[in-house]
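Worksheet: one structure, shown below.
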Amino acid sequence: MTDKANVLAVEGIGKSFVGFKALDGVDFSIRAGEVHALLGENGAGKSTLIKVLTGVHQPDAGVISLDGQPVHVRDTHHAQSLGIGTVYQEVNLLPNMSVADNLFIGRQPTRYGFIDRRLMERRAREVLAQYDLHLDVASDLSRYSVAIQQLVAIARAVDMSGRILILDEPTASLDRHEVEILFAMIRRLKARGLGIVFITHFLDQVYEVCDHVTVLRNGKLAGSAPTSELPKLDLVKMMLGRTLAVATHGDRRHRPPPEERQLSFKGVGRSRSIAPFDLDIGEGEVIGMAGLLGSGRTETAKLLFGIDAADKGEAWIDGRAVRIRTPQDAVALGFGLCPEDRKSDGIIGDLSIRENIALALQAHRGWFNRLPKREQTAMADRFVKALDIRTTDIEKPVKLLSGGNQQKVILARWLATNPRFLILDEPTRGIDVGAHAEIITLINELCDKGLALLVISSEIDEIVAYSNRVVVLRDRTHLGELSGDEITTSNIMQMIATETGEVPA
Amino acid sequence: MNTRLLPLYATLLICLIAYAACLIQFPAMFSTRVAGNLLTDNAFLGIAAVGMTFVILSGGIDLSVGSVIAFTGVLLAVLITQHGVHPLVAFAVALAITTAFGAAMGIIIHYLQVPAFIVTLAGMFLARGMCFVMTTDSIPIDHPFYAALQGVFYRLPGGGRLTFIGCLMVAVFVVGMIIAHFSKFGSYIYAIGGNRSSAELMGVPVARTTIGIYAMSGFLSGLSGIVFSLYTSAGYSLATVGVELDAIAAVVIGGTLLTGGVGYVAGTFVGVIIQGLIQTYIVFDGTLSSWWTKIVVGVLLFSFIGLQRVLVVLSLRRSAAPTGG
Amino acid sequence: MKNMFIPAAARAAPQLGSLALILFLNYLAFPGFFEIRFQDGRLYGSLVDVLNRGAPIIILAIGMTAVIASRGVDLSVGAVMAVSGALAATMTVAGYPVPVAVIAAIGVGLLCGLWNGVLVAYFDLQPIVATLILMVTGRGIAQLITEGSIVTFNEPGLIFFGSGAILGIPVPILIAACLLAVTIVLVRRTALGLLIESIGVNRSASSYAGLNSKLLLLVIYGFCGVCAALAGIIIAADIRGADANNAGLWLELDAILAVVIGGTSLFGGRFSLIMSAIGAIIIQAMNTGILLSGFPPEYNLILKALVIIVILLAQSFSSLGGWAFLKGEFRAKGTRQQ
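Protein chains in written order, with the working numbering: chain B, 364 to 868; chain C, 2 to 326; chain U, 29 to 366.
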């Protein structure tokens, strides 16, 4: 038997959801004894691919084959019985039950119809001992750290499936030491001949533990190569890529900086969320914020907008010290935020487009100072036209719109409040190419109108195209700022890819 | 220390302190007579509360309990006195009906994905309505078999009586503990209460278990109805109004998390005893009215819900910390 | 105008149809059902009776609609009714002027509601859990106020709230109608309606939009408490006594049922106060119908149970098997999995 043969291979996998192609002709394969990194930004299609592999979703197109034989994965249980085990980022275990229960639930050994706890606990100890884990298997799982819970989840998945292990961002909430323990386990499993799919957004970890890298972008395969043959910079390029189809201005960065930067944040930070940073923004300026997922981009936005209260630092507006403890404070100061997670934090799905657009202004005006329906309609009509929101009727529930149009509705919601400072967190994620270009045009227009903008994006080219200055983040820290001619795709990628402690070239 | 056990210890402590306080004021409460009566008087509540414990452990709620108890009592009375059915046969019929009734609610809850409280609310109306369909009178049950069962007791030293129904309640608790901690079904209940979607992913048969939980609650409500009819020798359609609330209170005071996943059947027993103690104290005192029970139970309910909320927040904060060790 | 009106009427068709059917059945059971006569300065008749007896349920349903629209539920309204009724009766008997007693009773209802609101909004307790506490304790508190007995009174000022009439119309109907009108104006002429629906559909997104959802929840539960207090005063005034054990018993369930019949989803969002009021009238029409046709009033419960089951079946069909499924949305499944 050649252990170099593909254990699992998918070819031409496609999967669409309403008005949105999550996966489009993706090929992917994994060999026995290989750790294969699967990379991509949020919405690139990683989780959809995993869900297809584990039978949660059925693909619209393409073939999945196991040991060269085409298979149809019916559901998660079928995937397990085929030997495909999965461990998710938010550990899918039962913290209210014992370690042994968690390892064996659904298949506990019984004796006279009752659970044979002694046998189960002995077996649990045996299973864990393979990984040098010596836990009190009778005590609640919640007593152990997330890292240990993660290892237990892996042990369970391997014990049940044993051929392919999919690890979906297992390191997201672990510290350095815990990551080491996890990696030791991964290497051990690799030596045992398992095929391991490792999803992460920490590039260092890819190079530390993975043999092969596959990158997805916008539901398509962006590239696949052995880790040893792929320099980090190329990898970052592969991930952040060039998808931009719009004519890029790029001229803004050559404009002289505004004489006065009206919004100024000094030493703002929040422990366990983002290290203190300084940020100054002037009207008519676009600050791009670049960094990989988990680098502290969204945390920065939440802090500036008062979703999370900062525990240190101060904010100055027009030279006056202000306090931003809640979103209401931020809105009163003329801020707006289009959040990253449109579905859960952005749209009010069942309400109409008109109501969604009016919401922020209404909340700001107060409960009793209702915006008359006539004005709401006029406003909604105006924004539907101005932002080219494609809908047949402004009374339609907003959840029926496509992602790009939903994004425009949220943008309209903030523009209706006539803001001075707008934070856009991944405004172009998960929307089709046409809408993408429109949103970028909009960003340019807004800036020309004198708004201060902070735009967070995974699309580096996009950031380069519209930013006056670019802030680069890594590991929950603001690394520094680029301005003028420094703003180039390669410079930004360099900064992101540089390991901690290394000097940017 | 395991924080999960904290509410249980708190309950035990409160129970002991309450009993001690009662004793200081009324030394006569230290008797097997009081202890025996405590079991007998709360037998029906205890049995229903075991079913409620399972339902709440799974993250659900069953508001139909009180009505099902009354329904069983009326059904037994009608079958035995008006149709001449032997009590044992009547018991079997009643249990079969209530179990099927519970299972039907479980089916609706699981497959229609509607909140348990609204489904069991419909069940509450239905069961209470069926009582009235059968009769609106209070029907006394006079049957030699009933007399025989009521005559079965073990005389404790000191004059207390350990009655049949008191023992039955204790037996139900013991069986409940075995199911909760030693059966696969029990582990599935905890799993569903802990995290339904995780449980599903881990291969727990969620549909079967959910239906089983409500069927069991229906069965135990039926059994509780039998005990209540033995206790009162009658079937009355307006009886046991609001017993579901007493049962829920007993479960929560017994340290079970109302959101599911954490708790002990044994704790519910203590919860039932605490409620019984409060009533006994009121009887001994003679001047207090029975409504103090509700207030004290409400205050305890609030304290335990508050305590659990604090524990949940604390454990969230702990797990949010970057280092787990 | 046309396309605004027709969908609203079409939406209300099942409820209006059921109401018409129930009224017709009542007519069959009791041919004098639609007769209304004027006697002693007051309207009498079965139809008036339906509205009069339905008034407390309508009032409760108004408060409950706001709570359910915010994705909550208030199980304590029955107990709060008992508390406020007990306070109004006891204070009147103790010699306080009626307005003082009524204001105090409404005040205590507000306090109860705010208590629930604090637990839900600021302590993040599930609404069922939070309101369960008062549901259990409330009747005990009511009995504490009445000292365990049924407090009866003969103060005409208070009785007026239950059986008085203004221009021939019974006072409970007037109170319910006024409250309904005022609330509708308050909710639809201010932004409250939109904001309540907004936090009911998506509380997180509403907060992101700068809405103070905690304060709004507090106000909603407080309002529901006030509604419960009003209903409690009417019931106490009607029977000329406060019965801590039985006043408002099961009425929380009637109120929830009225809201659900009215088409407001238990998962929050869009609500209609008028439809909830129609739901309450449907419930009371069933009550009255059963009474008129000679069945024991308790048969109602079976009918209500069947109504709940039918509604649940219809709702879950439309949300699971209905058009969402056809459109290939996987919302229901997705939320279950994640």
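Quick reminder that beta carbons are idealized off the backbone N, C-alpha and C, glycines included. Only a predicted model underlies this, so the values are computations on that prediction, with no experimental measurement involved.
Counting only beta-carbon atoms, is His-440 of chain B nearer than 9 Å to chain U? no
Pull out every residue of the segment 210-223 of chain U whose Cβ sits closer than 8 Å to any Cβ of chain B, in chain order. Arg-217, Thr-218, Ala-219, Leu-220, Leu-222, Leu-223
Ignoring anything shorter than 4 residues, give me the alpha helix (DSSP H) runs that lie fully in the segment 175-241 of chain U, in order along the chain. 184-191, 199-217, 220-229, 231-236
Relative to the alpha-carbon of Ile-70 of chain C, which residue among C:Met-30, C:Thr-260, C:Thr-100 has its alpha-carbon at the smallest distance? C:Thr-100
Mind pulling the alpha helix (DSSP H) runs of 4 or more residues that sit fully within the segment 390-474 of chain B? 409-416, 439-444, 462-467
Cα-Cα separation, Val-128 of chain U to Asp-68 of chain U: 29 Å
Starting from Thr-211 of chain C, trace the alpha helix (DSSP H) in both directions and tell me its first and last residue. 207-233
With H, G and I counted as helix, E and B as strand and the rest as coil, what does DSSP make of Ile-527 of chain B? strand
Cβ of Gly-290 of chain U within 9 Å of Cβ of Ala-204 of chain U? no
Taking 7 Å as the limit between beta carbons, can you name the residues of its chain near Met-109 of chain U, skipping five residues before and five after? Ala-256, Ala-259, Gly-260, Ile-263, Ala-275, Gly-276, Leu-279
Rounded distance between the beta-carbons of Ala-248 of chain C and Ala-49 of chain C, thought under 8 Å: 5 Å
Limits of the unbroken beta strand (DSSP E) element including Phe-640 of chain B: 637-644
Along the segment 235-246 of chain U, what residues have a CB closer than 8 Å to any CB found in chain B? Ser-235, Tyr-236, Ala-237, Gly-238, Leu-239, Asn-240, Leu-244
Considering Cα atoms alone, identify which of B:Leu-814, B:Val-833, B:Phe-477, B:Lys-812 is closest to Glu-822 of chain B. B:Val-833
Alpha helix (DSSP H) runs contained entirely in the segment 288-324 of chain U, provided each spans 4 or more residues: 301-320
Check the Cβ-Cβ distances between Arg-660 of chain B and every residue of chain U, and say whether any is below 9 Å. no
Could you give the uninterrupted runs of the alpha helix (DSSP H) lying entirely in the segment 258-326 of chain C, keeping only those of 4 residues or more? 266-286, 292-321
Beta-carbon separation of Ala-91 of chain C and Ile-81 of chain C under 9 Å? yes
Who are the near neighbours of Gly-408 of chain B in its chain, counting only those whose CB is closer than 6 Å to its CB and skipping five residues on each side? Ala-385, Leu-386, Leu-579, Gly-582
Is the separation between the beta-carbon of Asp-671 of chain B and that of Arg-633 of chain B shorter than 9 Å? yes
Since Ile-90 of chain U and Leu-301 of chain U are thought to touch, with beta carbons under 8 Å apart, how far apart are those beta carbons, to the nearest angstrom? 6 Å
Just mark Phe-66 of chain U as buried or exposed, buried being the case when its beta carbon has 16 or more other beta carbons within 10 Å. exposed
Just to make sure I have the definition right: I need the residues of chain C whose C-beta is within less than 7 Å of the C-beta of Val-164 of chain U. Which are they? Leu-246, Ala-250, Lys-295, Val-298, Gly-299, Leu-302
So that I know if they touch, is there some Cβ in chain U lying closer than 9 Å to that of Ser-218 of chain C? no
Going by C-alpha distance, which of U:Leu-147, U:Val-146, U:Asn-54, U:Met-119 is nearest Ile-134 of chain U? U:Met-119
Taking the continuous alpha helix (DSSP H) assigned at Gly-82 of chain U, which residues delimit it? 74-97
In the structure shown, what three-state DSSP assignment does Ile-752 of chain B receive? coil
What number of angstroms, rounded off, separates the C-alpha of Tyr-232 of chain C from the C-alpha of Leu-246 of chain C? 20 Å
Neighbouring residues, chain A, relative to Trp-730 of chain B (Cβ below 7 Å): Checking the listed chains, one finds no chain A in this structure; the protein chains it contains are B, C and U.
Straight-line CA distance for Leu-244 of chain U to Ile-224 of chain U? 8 Å
Compare the C-alpha of Ala-520 of chain B against each of B:Asn-719, B:Leu-445, B:Val-827, B:Lys-675 and name the closest. B:Leu-445
Cα-Cα, which of B:Glu-404, B:Arg-470, B:Leu-514, B:Asp-641 is closest to His-841 of chain B? B:Asp-641
If you check the beta carbons only, do Ala-183 of chain C and Arg-550 of chain B fall under 9 Å apart? Going by the sequence as given, residue 183 of chain C is Phe instead of Ala. No. Outside cutoff.
According to DSSP, is Val-373 of chain B part of a helix, a strand, or is it coil? strand
Using only the alpha-carbon positions, how far apart do Leu-607 of chain B and Tyr-829 of chain B sit? In this predicted model, Leu-607 of chain B has a pLDDT of only 48, less than 50, meaning its place in the structure is not dependable enough to derive any value.
If I'm right that Ala-664 of chain B touches Leu-626 of chain B with Cβ under 8 Å, what's the distance once you round it to whole angstroms? Rounded, the Cβ-Cβ distance is 14 Å, inconsistent with contact.
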